[in-house]
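Contents: one structure, followed by commentary.
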Ligand SMILES: Nc1ncnc2c1ncn2[C@@H]1O[C@H](COP(=O)(O)OP(=O)(O)O)[C@@H](O)[C@H]1O
Ligand SMILES: [Mg+2]
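Chains as they are written, first to last, in my numbering: chain A, 1 to 367; chain B, 1001 to 1668.
This is the structure we're talking about:
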């Protein structure tokens, strides 16, 4: 809670935008709009590019994405989270121009993506983008091998090369031995592994995943999340990941954008969202989150030059849950060190206990 | 439970104006009826008012054939070109399967290259059935083809099969292409849908007339008629199947960077192939049905045999050929379904496979055909099935017919006369005497109440079109025959459907009966009917009823099975007895589906109606048939369109009612 004011600043979307230069963003959009309905461009222009929610509804349009600004940085997992119908699928499809935005700017690797013609777009999609779908979208007539090699086949890669490459990714997702199976013969989790392998076959720069695990059973979903984290540790892709599940978002994300009714309400790291929800709406999501898994040691460090006697030392960017056991069982505070090994303060037992059992619940327990 | 109460009681406010309106309509009808006694034009549409539409159509066709030109070539050259193009593969099939090829050697002598061995063909299809289906299918198909050989139907059957082998692929490709166009362009779809609607309701004979006029008499024109007739479902199924491909799969295709062509061939068509195969099966069945009917314009083969024996009233020969058609239809139907199902569920292969392994089916067929072909040079019995081994059932059937005539005639005739005097003739009189403007008013009223003023205007103007083109009375005869047959078909089909919905065992039996009835080409129904009841309205009614009963069974069964389980449980918990459950809960909820069954039954009845012209009815079907024998395109097309309009009136009214009811019951 020490950095409270600073974190609040950083979590306001407009400030996040300005503080990060879009030059180092892989993919970014500015003032992006998508309205469904006839002649939406004209309507948008009539309203000076900024219709209110009432104007949109009144004119009979659906405001699927409204004035969205975001930057996805190289190598990060950027999660877009929101309830069903909040516009997540639409925004991610705007980013790949599967859906044509009604207005706004779209930059991919610093180039204006909206200026690309159909041919350039096809080239970009063939070589630089991959997408995983909620319901897998596998081709039923092709085997696992055929499905994974499909994007390469479309590019005209010869059979031997594309099958060799496909086998590599099939092994990467742990499906070796199943390459002659057809989608129908696989479980949901296995089918999505095929979907993942297929989208990775072309070694995309940007990887879109639209609710990839939502159609799976909870246990399998968990397993696939672990698998996803393992892959990302190996691959370091730039990822836009869609989910309606806040826990999933927190597990996987470097940064999260929360959407509501077509608007991005807040963008920030899981920790920023939990410590400084921008609105009541975000606070609702974060309330039941296990804070010890989200908050870092840094966020509850008591800053001091002289830290006195300590029981040991912890790193500032460790999660509290990871160090809690040691801190709670020691009779003295711990020293907190930053990345460079410099001591920045101490970690008190009470601060950790506060996170493990927040005030509210302790009050209830006391009554 | 809200659905249940909704069925039982409607607010009285809604009810009263409806009752009043109907009372008013009825009063108008009766008034017109009585006025008809004074004013002749009310009772009978006056001849001098008839629009000479048929003459105009005939003249237009005349112009098309004699004078129309596309600049580079004339219309006539165009039709000739198409005929020539289709004749090449047809002749090739005929040479292979039926006739062989005569190659002239010098002046006098010539050498005959024989067709494929009958045993080879039999073995080939059996092998195919075994590979794509099961041992059971192989036995079925093998037995069917063996029947053709043993009972002396082989040559005719091969001629029919040749037409099918050419017509089906052409129909599939053309239908598929049109379907793809419709999928790509909404404008094209909107343009083609009403045409398809009309094509599927115009009776089959009506196709034959213009084709006969444009392409002449012969196997190729018969095949063209077959293709045109069998294509519409393929067009429809293709559009439906492609639209059914999930949005995600399409998006995947775009993300993978597919070009338009890659998208179509590598993503869309393969993903939709299961639904597409349903269309293919439809094309096969319709082609088979049509190629028989097309014997009237020279298709030859089995249809020709049936037709000539019907004309000679040689029931025995007709039955033999009829069974042969049935047998051929059943084997082709089951074969194509097996192929469709196999294609739908691919199974992974355990090991790496070589060329021979991957193409066992084709290599096997080629081997069998070639082997028997060569062997046949040494063993003539393999070339064509030996005549002395042919079993001729003709006399047997003749005896059967004779026996029926001697022993059953009195009873059959008594039933027939009683029904004719007490039911058929009075009903016919009623419809013919009804004043045509009155009927139009009733239809308009029904349309308006069910589906709004557009529907009312549509059905009324269709009815008036029938009157204006001078076909009113004939149309009423059609309506009477069709109406009585549909009532009968429902009276038979409804109880069977209810039984089938109640028990699994009965369900399977009913399913099989319905399947078989629908596989039989319509021609076949005429044979036993004529055998038992001679020609006339009564025979027509029996044939139509038998042909149209299948959808009545199917839809009733399906509708009752579709009633949500929770509703049934709720009804049981509130203490319904079995009978109450059926009549108070299940039937009302299944009613929209059952009505769609009635609708289908009417469509089937109308398509059969025209064919019963062969057994001497006096209705629109007869008009079309006469037009065919005189190659009078105007008469044929106009009468055909009138039948189609009857069908469309029934279809729109019932369809709108069922859709509204479904919405009200929340079953969508
Ligand atoms: N093609 C479309 N036409 C009209 N409305 C659409 C279309 N696609 C999505 N919408 C609407 O846009 C809104 C956002 O949809 P979507 O992006 O699919 O939400 P999410 O993926 O978050 O569930 C919803 O109200 C949806 O009904
Ligand atoms: Mg979505």
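Heads up, the beta-carbon is just placed ideally off N, CA and C, and yes, glycines get one too.
Annotated as distal: residue 1222 of chain B and residue 1152 of chain B, with beta-carbon spacing of 8 Å or more. The contact set of residue 155 of chain A on chain B, defined by CB atoms closer than 8 Å, consists of 1257 in chain order. Spanning the alpha carbons of residue 35 of chain A and residue 260 of chain A requires a straight line of approximately 15 Å. The three-state reading of DSSP puts residue 198 of chain A in helix, counting H, G and I together. Out of B:1339, B:1247, B:1259, B:1464, the CA that lies nearest to the CA of residue 1441 of chain B is found in B:1464. Neighbours of residue 1267 of chain B in chain A, taken as residues whose beta carbon is under 8 Å from its own, are 139 in chain order. Under the rule that a run must span 4 or more residues, the alpha helix (DSSP H) segments found entirely inside the region 99-150 of chain A read 118-128. Contact of residue 126 of chain A with chain B by beta-carbon distance below 8 Å involves 1256, 1257. Its Cα nearest to that of residue 1164 of chain B, the residue B:1281 stands out among B:1530, B:1547, B:1537, B:1281.
With a threshold of 7 Å, the Cβ atom of residue 211 of chain A counts as near ligand 2, since some heavy atom of the ligand is closer than that. Looking from the CA of residue 97 of chain A, the closest CA among A:120, A:190, A:347 belongs to A:120. In the three-state scheme derived from DSSP, where H, G and I count as helix and E and B as strand, residue 155 of chain A is classed as coil. Contact annotation: the region 1647-1655 of chain B touches the region 1448-1467 of chain B, with at least three C-beta pairs closer than 8 Å.
Not one heavy atom of ligand 1 falls within 7 Å of the beta-carbon of residue 1071 of chain B. The beta carbon of residue 1251 of chain B falls within 8 Å of a beta carbon belonging to chain A, placing the residue at that interface. A direct Cα-to-Cα measurement between residue 324 of chain A and residue 343 of chain A gives close to 19 Å. Straight-line spacing of the CA atoms in residue 1199 of chain B and residue 1229 of chain B works out to 8 Å. One thing to note: residue 1470 of chain B has its Cβ no nearer than 8 Å to the Cβ of residue 1147 of chain B. Around residue 1232 of chain B, no beta-carbon contact reaches into chain A at under 8 Å, the shortest distance being about 26 Å. The region 35-96 of chain A is shown to contain whole alpha helix (DSSP H) runs of 4 or more residues at 40-46, 53-58, 88-95, in chain order. Interface flag for residue 1246 of chain B against chain A is set, since a Cβ pair is found closer than 8 Å. Secondary-structure assignment with DSSP links residue 1285 of chain B through no beta bridge to anything.
With a contact defined as Cβ atoms closer than 8 Å, residue 157 of chain A and residue 197 of chain A miss out at about 16 Å.
Its Cα nearest to that of residue 1529 of chain B, the residue B:1615 stands out among B:1615, B:1518, B:1505, B:1466. Per DSSP, the beta bridge partners of residue 1074 of chain B are B:1069.
Annotation: residue 1584 of chain B is outside any alpha helix (DSSP H) and is labelled neither H nor E by DSSP.
Taken in chain order, the complete alpha helix (DSSP H) segments of 4 residues or longer contained in the region 1094-1137 of chain B are 1118-1132. Legend: CB atoms of the region 1158-1185 of chain B lying less than 8 Å from CB atoms of chain A are not found in any residue. Residue 206 of chain A is positioned such that its CB atom lies closer than 8 Å to that of residue 238 of chain A.
By the Cβ criterion, the region 74-87 of chain A is not in contact with the region 36-49 of chain A, since fewer than three pairs of Cβ atoms, one from each stretch, lie closer than 8 Å. Using a Cβ-Cβ cut-off of 7 Å, residue 337 of chain A is close to nothing in chain B; its nearest Cβ partner there is about 45 Å away. From the listed residues A:104, A:94, A:24, the smallest Cα separation to residue 45 of chain A is found for A:104. Contact between residue 1234 of chain B and residue 1195 of chain B does not hold, since their C-beta atoms are separated by about 14 Å, which reaches or exceeds 8 Å.
With respect to residue 1213 of chain B, residue 1545 of chain B sits apart: the two C-beta atoms are not nearer than 8 Å. When C-alpha distances from residue 1316 of chain B are compared across B:1433, B:1035, B:1401, the shortest belongs to B:1401. Against chain A, the CB of residue 1271 of chain B has a partner CB under 8 Å away; the residue lies at that interface.
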